[in-house]
Amino acid sequence: MMSYAEKPEEITKEEWMEKLNNVHIQRADMNRLIMNYLVTEGFKEAAEKFRMESGIEPSVDLDSLDERIKIREMILKGQIQEAISLINSLHPELLDTNRYLYFHLQQQHLIELIRLRETEAALEFAQSQLAEQGEESRECLTEMERTLALLAFDNPEESPFGDLLNMMQRQKVRVHFFLLHSIAVHGTVYPVWTFTLTLCICPILTHILTIHNLLLYYPQ
Numbered sequence: 001m002m003s004y005a006e007k008p009e010e011i012t013k014e015e016w017m018e019k020l021n022n023v024h025i026q027r028a029d030m031n032r033l034i035m036n037y038l039v040t041e042g043f044k045e046a047a048e049k050f051r052m053e054s055g056i057e058p059s060v061d062l063d064s065l066d067e068r069i070k071i072r073e074m075i076l077k078g079q080i081q082e083a084i085s086l087i088n089s090l091h092p093e094l095l096d097t098n099r100y101l102y103f104h105l106q107q108q109h110l111i112e113l114i115r116l117r118e119t120e121a122a123l124e125f126a127q128s129q130l131a132e133q134g135e136e137s138r139e140c141l142t143e144m145e146r147t148l149a150l151l152a153f154d155n156p157e158e159s160p161f162g163d164l165l166n167m168m169q170r171q172k173v174r175v176h177f178f179l180l181h182s183i184a185v186h187g188t189v190y191p192v193w194t195f196t197l198t199l200c201i202c203p204i205l206t207h208i209l210t211i212h213n214l215l216l217y218y219p220q
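Under UniProt numbering, the sequence shown has 172 at position 172, and the numbering climbs by one with no breaks.
If you want it as structure tokens, here you go:
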């Protein structure tokens, strides 16, 4: 039976920063956090190098990242239907048991149709694929209404709902998939505070990886 996952209680940025400031992380824990980030983001080669340098073993077989990387690239390119097909072929039960994830993927496809100014196709898709979920969940209905509201503007990117057309929206869908995929395939997921801390240090880690890669290609 498919069900919608309950959303965690929201807290402010200031509250999160206060919590993070009170967290003291050992070097080994930080290394595991970095490995988790590399695996989650699909940086296979970087994860292999970091394993050799730090001695930290990844929680998954790195060869299994190839399929995740393909799905990630599809979502980030807006190729949502292709991503859904690949998810269903690799993990046919995932979307059946996580209806809210399925809704988010379908919503993202609707957003991509609106981005392409395919108004008729967007309306038809919303009616045939999303209307039923909107009837079952007030939250889904609200999100669907926000998405369809983009059609009322000549320049939807500049509308009050323009955030839906930002790259960050695709990133949210990608993260949602990766979290549930981790639970379904590996039976576990990192604690919420660990995942949140990972998100906070993502820019720093990305910068470090960029410098690391530059040094590999342009050694002193």
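By construction, the Cβ of each residue, glycine as well, lies at the ideal position given by its N, Cα and C atoms. Values in this document were obtained by computation on a predicted structure and should not be read as measured data.
Ordered along the chain, which non-local residues of its own chain (more than five positions away) have a Cβ less than 8 Å from that of residue i?
i	result
L95	I84, I87, N88, L101, Y102, L105
L151	I114, T119, A122, L123
F178	T40, R68, R72
Q220	Because Q220 carries a pLDDT of 39, less than 50, the predicted location of this residue cannot be relied on, and no value is offered for it.
M167	L76
Assuming residue i contacts residue j under a Cβ cut-off of 8 Å, what Cβ separation, rounded to an integer in Å, is found between them?
i	j	result
L33	R170	With a Cβ gap of about 24 Å, L33 and R170 do not count as contacting.
L148	A126	6 Å
I56	N31	5 Å
Could you check which residue in the options has the C-alpha nearest to that of residue i?
i	options	result
E45	S54, L62, N31, Y37	L62
R27	H181, I183, K172, S54	S54
F153	E139, M30, R117	R117
S182	L130, P58, M30, E48	P58
R99	E145, R51, E139	E139
By Cβ distance below 7 Å, which residues in the same chain neighbour residue i in space, the five residues on each side in sequence not counted?
i	result
I80	L105, Q108, H109, E112
E157	L165
G162	P156
G42	L65, R68, I69, R72
Residue range of the alpha helix (DSSP H) that residue i falls in?
i	result
E157	Neither: E157 is in no alpha helix (DSSP H) and is coded neither H nor E.
V39	27-41
E73	65-76
I56	No alpha helix (DSSP H) holds I56; DSSP gives it neither H nor E.
L94	94-97
What is the DSSP secondary structure of residue i, reduced to helix, strand or coil?
i	result
T206	Unreliable positioning characterises T206 in this predicted model, as indicated by a pLDDT of 48, which lies under 50. The coordinate reading is nonetheless provided below. Looking at T206 - three-state DSSP - the assignment turns out to be helix.
Q133	helix
L116	coil
T142	helix
E82	helix
Near residue i, what residues of its chain come up, given a Cβ to Cβ distance below 6 Å and the 5 sequence neighbours on each side ignored?
i	result
T194	Below a pLDDT of 50, predicted positions are generally treated as unreliable, and T194, at 49, falls in that range; the measurement from the model is reported next regardless. Taken in chain order, the list of residues that qualify is empty.
N213	Reliability of the predicted coordinates at N213 is poor, the pLDDT of 46 falling under 50, and the value obtained from them is presented with this limitation in mind. The answer is none, since no qualifying residue turns up.
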